[in-house]
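Residue numbers (UniProt numbering), protein chains in the order written: chain Y, 1 to 338; chain Z, 1 to 338.
The structure under discussion appears below in the form of structure tokens.
Protein chains: 2
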Amino acid sequence: MVTIKQIADLCGVSRGTVDRVINERGNVKTETRDLVLNVIKKLEYRPNPAGKALSARKNNPVVGILIPAEGNPFFDDVIRGIKTAAEKYEIYGLNILFHTTRGYNIRAQLQILDELKNKINALIISPINDPLIINKINEFVDEGIFVVTLNNDADESHRHCYVGSNYVNGGETAGALLQMIAPPKANIGIIMGSSKILGHRQRLKGFEYSINKNNDFRIIDIQENDDDDICSYDKTREMIIRYPEINALFIVAAGVYGACRAVLSLNRQDNLTILAFDTVPTTIEMMKNHVIKAVIYQHPYRQGQRAMQIIFEYLVNGIDPDKTKHIMKNEIKILENL
Amino acid sequence: MVTIKQIADLCGVSRGTVDRVINERGNVKTETRDLVLNVIKKLEYRPNPAGKALSARKNNPVVGILIPAEGNPFFDDVIRGIKTAAEKYEIYGLNILFHTTRGYNIRAQLQILDELKNKINALIISPINDPLIINKINEFVDEGIFVVTLNNDADESHRHCYVGSNYVNGGETAGALLQMIAPPKANIGIIMGSSKILGHRQRLKGFEYSINKNNDFRIIDIQENDDDDICSYDKTREMIIRYPEINALFIVAAGVYGACRAVLSLNRQDNLTILAFDTVPTTIEMMKNHVIKAVIYQHPYRQGQRAMQIIFEYLVNGIDPDKTKHIMKNEIKILENL
DNA sequence: CTGAAAGCGCTTACAG
DNA sequence: CTGAAAGCGCTTACAG
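Right, here's the structure in full:
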């Protein structure tokens, strides 16, 4: 374990100077800088995060969090992950400012972002993919705020990291699974949230890619429910009544409960194979009732936890993230391994 | 953020005394002890792990690791998890002594444990469930060594933590999944490792529990392959030849490759539904060849990582683990979500 | 451009 | 039974 003190002694300079070199604070003669850098390299110096964390106590770093969680139980586990991690890191002096919005409202996101701007050192956001939001994220980055996108990426922006799932792969996995668990010849109805939402389009794309490889599987109809359970109920009912040959249902996003209730209202639960995403309580209920066969799961708790961890390591331990995309695997959950 | 200094000032004692109370080092008058404890409680004092980590640098803590990994590729990912974490923690002064054995050899485990005993502060072990090993673990615990069992528990011992999966649930999940992906009426052949190994027995139990709920599914035969691919090949061939009605194969532990090769040698891959555990390279190969339909996955990388993390937090940050059993979920993997 | 000193929160001898 | 001091590895004013 090499320390700054050792580097300083070996180079015949003070620890302050070594610190200036390591952290690129300037005000160092080129020659001494080169000397220090060489010794650092030769001794494979790595800073001790505990030392960093201790002196970072004076910074009182703050993380702003902005998530469209209201009315969307999917985010409950994400938030649990964030808050559990935040509690763990509180003792290091890391604090959070927690905000939620209802649905994907650009104006609401912008307003909260403006409020947060001069109060935070890092931001966790599940952004809307809109130029106004992208610009705002870039503003934050330009001011030295560390930005992590969570569950939904904004890769056109200059955000530092994304934590979330691979949506195309989620759809593809769902498609392949459905071919295993549905009857040999299946007519599929699809209920999606909104084609305006990137993740939903990507899941659909992956699903279609997978299904189209199989001549015995056909997609009969696709309807949008705007992530609303009542709308989902109506649209699903209409779809199943109109196309009674449908024997498999793929629910791309929210509105799972409404869709299942529609199936139940038509008493079709025993001859319809239903596949959905995420393990919100109403979905688990429908799995227990054997209405939903399986779901694709994207580790929501770990998503929240990981986002906080990345920021903690950056702000407190002074460690840069090792990659920009932190992708949680899509898992298959049935009742038994929930 | 309350610090020891603040507690000391408020109580009118020195920081040394507060430290003595917090860490129960004795040599404190009962009255001062009570006073300090009260203030600590009132102010909700939590020690700052960074401070602890820094002063722990002088301890040079060492973790012994003992895993029956030789010739068992399952452990490759577990070890990757351990080593990646160990590298991350090295800078804090935490070092490891890494040992493996071939198979479950009691004598070999005991010998390495004796070698390690006076060199380590913590132990990660995937123990054999034998009284000799249990006793040895208890010896370690009695000497103040922090013991974590990994992937296989020894809950009759005094080990501090277990990190691993729930084997009964793994079998149950496999059974439920098989009922979804096998033909409506299935005759099942089972290839297990050894009934001497607890985890294998537990998986079998969970599987049988799940299968026995279904009158259309029957278990035709159970053979043991001793986790050996050649043996697995022979036993599987014999089984399938003897019971040609078998149309589903459940492989409980290792020897997956041998079993699959047996199926291929009899050209039965297209009318046999094969289910196995874990994603070792040869298993993935057989999934790509569409010989294996699905596997149950137990997060091996995270198991290794978590074991190291628990020990790091204990030894370096001075944080006791929040629970004794750290169970990784059983996940279902198909080719698409590997 | 550089160094000496103090401080972050904890623990550890040492002295009494 | 208790306190003062030094140290773990880093950063931050401050002085020159």
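The beta carbon of each residue, even a glycine, is placed where N, CA and C say it ideally should be.
With contact defined as three or more Cβ pairs closer than 8 Å, the segment 183-192 of chain Y and the segment 221-238 of chain Y are in contact. Within the same chain, Cβ atoms closer than 6 Å to the Cβ of Tyr-233(Z) are found at Gly-258, Arg-261 and Ala-262, the five residues on either side in sequence being excluded. If you check the CB distance, Thr-279(Z) and Val-295(Z) come in under 8 Å.
Each of Asn-330(Y), Tyr-297(Y), Pro-300(Y) and His-326(Y) was checked against the Cα of Ile-311(Y), and the nearest Cα belongs to His-326(Y). Annotation: His-290(Z) is outside any beta strand (DSSP E) and is labelled neither H nor E by DSSP. With contacts defined by Cβ atoms closer than 8 Å, Gly-51(Y) and Leu-150(Z) do not form a contacting pair. By the C-beta criterion, the segment 12-20 of chain Z is judged not to be in contact with the segment 4-15 of chain Y, since fewer than 3 inter-stretch pairs fall below 8 Å. Annotation note: the segment 38-92 of chain Y contains the following uninterrupted beta strand (DSSP E) runs of length 3 or greater, listed N- to C-terminal: 62-70. Within the same chain, Cβ atoms closer than 6 Å to the Cβ of Asn-166(Z) are found at Ile-327, the five residues on either side in sequence being excluded. Scanning chain Y for C-beta atoms nearer than 7 Å to the C-beta of Met-1(Z) yields Ile-91 and Gly-93, reported in chain order. When Cβ pairs closer than 8 Å are counted between the two stretches, the segment 285-305 of chain Y is seen not to touch the segment 38-50 of chain Y, the count staying below three.
Within the segment 212-232 of chain Z, not one residue has a Cβ closer than 7 Å to any Cβ of chain Y. Contact of Pro-49(Y) with chain Z is assigned, a C-beta pair being separated by under 8 Å.
Distance between Ala-307(Z) and Lys-117(Y), taken at the CA atoms: about 39 Å.
DSSP places Lys-325(Y) in the uninterrupted beta strand (DSSP E) bounded by 325-328. Within the segment 317-331 of chain Z, the residues whose Cβ lies closer than 7 Å to any Cβ of chain Y are, in chain order, Lys-329, Asn-330 and Glu-331. When the Cα atoms are used, Leu-37(Y) and Asn-121(Y) turn out to be separated by approximately 29 Å.
The segment 75-84 of chain Y makes no contact with the segment 21-39 of chain Y; the number of CB pairs closer than 8 Å stays below 3. Secondary structure note for Thr-17(Y): its alpha helix (DSSP H) is the uninterrupted segment 15-22. Spatial neighbours of Ile-65(Z) in its own chain (CB-CB distance under 8 Å, excluding positions within 5 residues in sequence) are listed in chain order as Ile-82, Ile-96, Leu-97, Phe-98, His-99, Leu-123, Ile-124 and Ile-125. Put simply, the CB of Asn-337(Y) is near chain Z, with a gap under 8 Å to one of its CB atoms. Beta-bridge pairing by DSSP links His-99(Y) to Leu-66(Y).
Interface annotation for the segment 170-181 of chain Z against chain Y: Glu-172, Thr-173, Ala-176, Leu-177, Met-180 and Ile-181, criterion Cβ-Cβ distance under 7 Å.
For a cut-off of 8 Å, the C-beta gap from Asp-226(Z) to Gly-193(Z) is around 7 Å, short enough to register as a contact. Check the Cα spacing between Val-63(Y) and each of Lys-41(Y), Glu-87(Y) and Pro-281(Y): the tightest is with Glu-87(Y). The beta carbon of Leu-54(Z) sits closer than 8 Å to some beta carbon of chain Y.
Around Gly-199(Z), the same chain offers Asn-152 and Tyr-167 as residues with beta carbons nearer than 7 Å, after the five sequence neighbours per side are excluded. Proximity of Lys-83(Y) to chain Z, defined by a Cβ-Cβ separation below 8 Å, is not satisfied. DSSP places Ala-262(Y) in the uninterrupted alpha helix (DSSP H) bounded by 256-265. Boundaries of the alpha helix (DSSP H) harbouring Glu-139(Y): 131-142, taken from the DSSP string. Between the alpha carbons of Glu-238(Y) and Ser-265(Y) lies a gap of roughly 12 Å. In this chain, Tyr-104(Y) is not harboured by any alpha helix (DSSP H), its DSSP state being neither H nor E. Apart from sequence neighbours up to five positions away, the residues of its chain that approach Tyr-104(Y) with a beta-carbon distance below 8 Å are Pro-68, Ile-128 and Ile-197, ordered along the chain. For Lys-333(Z), the three-state secondary structure derived from DSSP is strand. Distance between Glu-139(Z) and Glu-115(Z), taken at the CA atoms: about 13 Å. Residue state for Ser-165(Y) is assigned as strand, using DSSP reduced to three classes.
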